[in-house]
Each structure stands twice: as structure tokens, then as C-alpha cells.
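The numbers in this note's numbering rise by one with no breaks, and the one at position 302 of the sequence shown is 363.
Just so you know, even glycine gets a beta-carbon here, dropped at the ideal spot from N, CA and C.
Owing to the predicted nature of the structure, the values given are computational and were not obtained by experimental measurement.
Contents: one structure, followed by commentary.
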Amino acid sequence: MTDKPRVLIIDDDAMSRMLASEALGRNGFEIMEAENGRQGIALFMAKPPDLVLLDVIMPEMDGFECLRLLCGELHSEVPIVMMTAVEDIRCVELAYQLGATDFIGKPMQWMLLPYRVRFVLRNRLMNQLLSEKQRQLRQSEERLRLSLSAAKQGMWDFNIQTDQGVVNGEFANMLGYDPQEYTAITLDNWSSNIHPGDFDLINATCQAYLAGELPEYRVEFRQRCADGSWKWVLCLGSIVERDHDGRPLRMLGTYTDINDSKIAADRLQLLAKVFEYSGEGIILCDANTRILSSNEAYSRITGYLESEARNKTPYILSTQQHDQAYYQGMCKAVKENGYWQGEIWDVRKNGETYPVLLGISVIRNSQGFITNYICIFSDITGRKAAEAKIEYLAHHDALTKLPNRTLLNDRFDQAKAQALRNNTLVAVLFLDLDRFKQINDTLGHNVGDLLLQGIAGRLSHCVRQVDSVCRQGGDEFIIILTDLPDAKIATRIAMKILEQLHKPFAIEGLTVATSFSIGISLFPIDGMSFQKLLTKADTAMYAAKNKGRNTFKFFAEEMDQASIERITIESKLQVALEKKQFQLYFQPMFALHDNHIIGVEALLRWQPDKLTSIPPNKFIPIAEDNGMMLPIGNWVLQQACLQNRHWHDVGLKLLVTVNISSVQFRRGDLVESVKAALALSGLEPKYLELELTESVLMVDSHSVIKVIHELKALGISFAIDDFGTGYSSLSYLKQFPINKLKIDQSFTRGLSSGKSEDSAIVQAIIQLGKTLELQTLAEGIETHEQAEQLTQLGCENGQGFFWHHPMAAKDFEALCLKGHQPKPQSV
């Protein structure tokens, strides 16, 4: 509106136009006049007025038609005041419907017209201002809505008095609800969706804010979403309305989704804890490799405090063990690949070097430029020591600290290469400790271990520095002698070993005597591979054992056949009992003065098939080595007792003698085995005699004496077999409660040779028996002359081919029934 309001007067009455113009003109209005509606519309369009005074009744176009054109078609918002003398209410309603602003009745008071017009104009101005304010408010609200939507901010408006509120669409969207449906909330339904763990915090914060203790209502908590999940939100709010007493009535605030930031913050906090409490040292460097931060583990490992390391480079830990090229290669790999990992040596603040496992990673910005380096490392001193120990144990025997088979293989390869270069020999010695199981069983494993350690020490002193000594396991050792010009050095060393190991060992107050059986093979004579040479040395070792032990043997081709035979026998022994391939033969024993049978010796025979019979001297040593002697020995006891009881039942009262192996003493329960055999057969104990060798008596004599006494108490008698060939001693004859001495057949055969010393030995044994009140029996009598000589020397009993070879039970029974009746003997 201009400073001088423009008024358009449309009236066909000239007098009315004049009076109106004068009244308004005097009061500062600019006047335009039109005598009809068409003229008025033309003026209106040419020069829009600030107000129109429009007469109702006019020719051609009345005021209503003109009003319709101005408001309807021209969309004018200029106030139009109708002037009329018509007092019909319907006309008034029509005018207002068409857009009239006001009515002035005719005749009018012209003096009041200017005031009336000013009122209408002022009212229009006020309406315009109000509309503008409303428009601006709408724009502001729209901008706020768009801002909240863009910022994903929920908004809430809560009436504290009614416990009800309204929320915006983003509030609903944030929690997964339909914005069209989720517009209002109540305190109850809002509270029911608060995480139980957060409710007390929300309540305490709200109460503190309402009480004026906090400047704003601000709290983080978890709110249940529409799908049942929980979301972290930040709720901010303020009191926007209070009553006249200052009590809060209304609060307004926002909801912010902080779920991702909360998780990220928790993750950062966790990472910070990982950084600080990690067992590995961690340092963060800038793009120039200057240390920005380090953790506690870094200080613990290196000795440098964080303040001491800050702004320095990791090279403060570098050692002289790596040259500059090594570090340059590491840096190049990091820059090209973004990562490097490896083992390096570092130095602590105190100068101590140590191995570390180091990993270096780069951190790049969004443009791809390196901004930081992160180094993570751990002190692997303990791991390196453990690896070294594992490596050592992988190649050495834990008990003796000697190399094991694995390391020995490598050393043989080296010795082999040297021998090929120098055209020399390599000797492989396979050593087996004789009767080590007896020592272990009788003296205990601790003594056995100490003995093996002592043997290892002596073996190491017997060989040259270029040679290798290895413990194969158990009681077996292997020695490699390198670069030998001939086999004489191997012979000399083998003899030295036997000499040194024959000397007794003093272990825990005990004196332990040992001996070795040694087999020797030569490269390249006996083979090209270590395994083949070892196999042949093993074969030679068994040949040494068969020659009486405590000796050595070089491999010879014929030994292979013996080795194969041994393996064959050992495999067949496993099933011999099950297949009932064993049987007992019996050789009668006679009284020399009248040739009457006084008893029978049970002898074990083995026939795996109809065509093959394996002699006892071949399979019994093998059975003793592999443990089969226990079940075989028990079977012999049972069968001998059962057979003797059968003979008793048919009237043949005689004594049966059963040979007992040393294995049955060491590893079995001989007392229980004998009791079981007697119980099974029903044989009286006085008709059972157990035959032992001197070697059995000499091993753990205290234990053997205890067993013999227990069996003697049952009524069983004992004989010493092959007396005079072993460790014959008057001292042990006094200790052992034996009944009979059996003179070895080698002395019996010597009687026929005419050698006076053989006759003297036999006479001494017989005299010893009489002195100790022991019976004597000569084995291996083959001629009448031998029987006569033994009778003259005072021997009481004998057995041998002179009378009968060993025979089957049925043949012996037939022999007795023909007239050779057993003669009762005092037992």
C-alpha cells in the first residue's frame, strides 16, 4: 500500500461519487472514479487501487457481477466495500460469498467514511501481516521438519500434567514404526519399551533435571524397537512451559539414534584396552616412523617408558645382528605390500639382545597416503628356548643325551659321503646289553636308568670324536665309526668297548656287572644304505649272543639265513600253543647201582608241521626273549603234572622233573603256576621236581631263595642242572635248599677221553654232593664204560642215551609195563 491510499469509487450516481471523493480526498486519499462496472474494472486493471467502494445497483453490470469478476476471475485480494440502500439479508450474504470485505449502507454519513475506509485498510494490513507471519511460521516449521528429517532427529512434545505427548515421523522411523500410526505416546507405553538396565538412570536424570539440579535433560539409554531389538538413543529435552507457580507443564526435546556411535565408542574403548593390556608390545608411529604411542607391554619388554620412546623411531631397538640392507628390505616390503612379519633380534634398554616376532602394518587415509605405522611384537625368548629344546629332544635320547636314530641317519649320510670321497669304510656297530631285563626287573627301573646313563658315558669315551654313539632304545645302542682305512679300527674299538663295559658299575650302593653283544657291518662291503647296514649289524649281534654273549661278530652272509630262521621261528611261536604244536617227551633217570628207573625228566618238543621239528636249543632262547616262555612254561608244568598223575593212576609211582626258565622266575608268578598245575592234576607235590640252572640262582638270589622256600614248603624238590658250567660256588649251595646236583654232560663225555682233570672234576662234584647231603645225577651217559666209572666215583644216578633217548609218554608207559618198573626213591 502507498503512503497515499488509492480508492476506486464505482457508482452510477454522480452525486454519491462526488460526496465520497470530497470526503476521502480531504483526508489524504487518492481517488479514482468509474460510473459503471465495466469502467471500474478497466481502471482497476490499469491502476490497481488499495480499496474499492462498489455500488450494488447499477445499470448494465450491477455490483454483484462486478464483484464476481474482481474477486473470482481477477483473483483480487484488494478489499471491496459494498455501498447499498438494499437491506435484504440475502443480498448481504451473497456479497460476502462473492468476496466482499464490508458493507456501508446508504444514505451514509460522509464525515465517517474516511474512518470507515481507514479501518478496512488497517484491518487488511493487519491480515496481511498476520498471513505473512503465518507463512513465515509455516516455512520455519517446514525447515525444522526437513532439518530434523535430514539429521534423522526424532522430536517429542510431552505434557507433564497428562503424561501424554506427540512425536514426529523421524521418531517413529528411528524405532521402526509407521509414522502415520505412531504419532502419540503415553508415559506408560514409552516406559514399557525402556531397557530394564537403563530405567533407574533415566528416572534419576529426569528427577534431577525437574528439581533444577541439571542444566538440561540429557540421557543415553536403550529403547526397544518395533522388531523387538534394542537401540541406543540420546534423549535431550527442556522445559518449555511452566504454570504461574513455576511448576513445569510441558517438555520438548529430541531423540538421536546413537546406536552405531555407541557401538563404535565401545569398540574404541575395547581397542584402547586391548592396546593397553595386550601381552604383545604395540607402538603407533606417524608417517615418518616417529613413535606416537606405546603400550605397557612395550615398556615391559624393551625397558623404555612411553615418555622415553615418544618421538623416537623403532630403530632404538635395532641390533648389529641385522645389517642396513636387512632393514631396508623390511621397509620396502611394508611400503609395497602394506604389511611385513618376521623374526628379528632387538636390544633392550639395558643392552640385552632378544628375539622377537614382529608384525608391521601401514594405515592409509582416504586418499591412499600413509598416515601411520603400527608395530606389534612379542618376546619369543621362551619360545626359541622351547624350540631349541624340542629340536634337541627330537634328535637326542632324553635319558642318555646321546643322538637318536633320526640324528644318526644324518650323521651316517655325512660319513657315507666322506667315505666315498676318501675311499674308506664306515662301520655300524649294533650293541645289545646282555640280560638288561633281569637288572630292570630285580634292581628296579631307577637302577636300570642310571646304568644306561653310565654305559652311555663309557661308550662315548671308547670312540673317537668323529664317531657317533646313539641309543636306539631300551638296552640297544648304535655306533657309527667313520673314515676307517680298514676293519682293524672297528675291531679295536669293539674290544675296547667290551673291556670297559665288563668293569662293574657302582650304582646306589650296588655293584652291577654288565656285558654287551656287538654286531658289526661295514659300508660299502655289507650294504649302501643305513637301514640295510643296521639290519645286518643286528643280525651279527644275535650271532654274538648265540656265541655266548660278551663278544662281537662281523656280519657274514650266512648270518642272514640264521636271522631269517629266527624271524620265522618267532612268528610261528605266536600260534604254537593255540595250534597244539608242543608235546612233551620223557627221558628216564636210573639208579646206577641196579639200573632201575627212579624218575623221568619232561623235555619240551615242537613240531610245527608233520615234516619239521625245531630243536629246543633254537626256539627256547627266542621264547625267552619275546615273552612266550611264560605261557609255554606254564603249559609244560601242567602237562607234566597231568601225565605223572595218570601214571600214578596206572601204578607207576615216579618223580617227574621239569626244567624252569629264568624268565619264569623273573617275570612270572612261579609259586602260583606250580600250585595251579598241582591243583589241576591232583599230583602230590613230592612227585614234582623243578630243575634250575646256576644262572637262575645268581640273579636276585634273595628273591629266588624266597620262592624256593615257598615251593619246598609245599613238598617240591629242586635240582641244579648243568652243575659246574656256570658260577659254581659253595656259598650259594649253602644258601639254596636244593636236593640234587646234575653233573653236566660235558664232564660225563670227558670221562671217555681219559683226561684226568675231567675225572677229578666229576669226583669233586660227587664228593661235594655227599658232603652237603645232596643227590648226584650224571647227564649224557652214552656208554657202559661211563656208567661204570661214575658208579666207581660214587655217583648215585644217571640218564642218557646209554639207556634210552627221550620218548613219547605212551612209549615210556609201555617201557615201564614191560618190566622197567620205577623204583621208589626217597625225596
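- Minimum Cα-Cα distance from residue 423 among the listed residues 436, 637, 874 corresponds to 436.
- Taking C-alpha positions only, residue 275 is separated from residue 269 by approximately 6 Å.
- One alpha carbon belongs to residue 668, the other to residue 546, and they sit about 48 Å apart.
- Residue pairing by DSSP places residue 93 opposite 69 in a beta bridge.
- Unbroken alpha helix (DSSP H) stretches of 4 residues or longer found wholly inside the region 131-182: 150-159, given in chain order.
- Taking the C-beta atoms as reference points, residue 719 is found nearer than 8 Å to residue 751.
- Nearest to residue 77 by alpha-carbon distance, out of 578, 97, 568, 588, is 97.
- In the three-state reduction of the DSSP assignment, residue 382 falls in the coil class, being assigned neither a helical nor a strand state.
- For residue 690, the enclosing alpha helix (DSSP H) begins and ends at 690-710.
- Taking a C-beta distance under 8 Å as the contact criterion, residue 417 and residue 512 do not qualify as a contact pair.
- When DSSP states are grouped into helix, strand and coil, residue 484 belongs to the coil group.
- DSSP places residue 268 within a helical segment (H, G or I) once states are collapsed to three.
- Membership of residue 232 in the alpha helix (DSSP H) is indicated by the continuous run 230-235.
- With distances taken between CA atoms, residue 192 lies nearest to 138 out of 138, 231, 405, 766.
- Put simply, of 103, 311, 385 the residue whose alpha carbon is nearest the alpha carbon of residue 271 is 311.
- When beta bridges are read from the DSSP output, residue 220 appears opposite 225, 311.
- The beta carbon of residue 768 sits closer than 8 Å to those of 726, 731, 732, all from its chain and outside the five residues before and after it, given in chain order.
- Distance from the Cα of residue 234 is smallest, within the candidate group 252, 294, 589, 194, for 294.
- For residue 281, the uninterrupted beta strand (DSSP E) run begins and ends at 278-285, by DSSP.
- Residue 664 is a Cβ neighbour of residue 646, given a cutoff of 8 Å.
- Closest in C-alpha terms to residue 577, from the list 539, 569, 344, comes 539.
- A Cβ-Cβ distance of about 19 Å is found for the pair residue 519 and residue 465, leaving them out of contact under the 8 Å criterion.
- Inter-residue distance for residue 589 and residue 583 is about 9 Å (C-alpha atoms, whole angstroms).
- With a 10 Å radius around the Cβ and a threshold of 16 neighbouring Cβ atoms, residue 662 comes out buried.
- Going by DSSP, residue 453 is part of the alpha helix (DSSP H) stretching over 442-456.
- For residue 600, the uninterrupted alpha helix (DSSP H) run begins and ends at 591-607, by DSSP.
- Classified as exposed, residue 403 has fewer than 16 neighbouring CB atoms from the shown chains inside 10 Å of its CB.
- Between the C-alpha atoms of residue 701 and residue 605 there is a straight-line separation of about 34 Å.
- Excluding residues up to 5 positions away in sequence, 135 lie with their Cβ nearer than 8 Å to the Cβ of residue 106 in the same chain.
- Under the 10 Å beta carbon count, residue 162 is surrounded by 16 or more other beta carbons and is classified as buried.
- By DSSP's assignment, residue 649 forms a beta bridge with 661.
- Within the DSSP bridge table, the entry for residue 836 names 801 as partners.
- Residue burial is scored here from C-beta neighbours: residue 619 has fewer than 16 other C-beta atoms within 10 angstroms and is therefore classed as exposed.
- The Cβ atoms of residue 375 and residue 414 do not sit closer than 8 Å to each other.
- The region 293-309 makes no contact with the region 328-340; the number of CB pairs closer than 8 Å stays below 3.
- Nearest in C-alpha terms to residue 225, of all of 231, 245, 167, 482, is 245.
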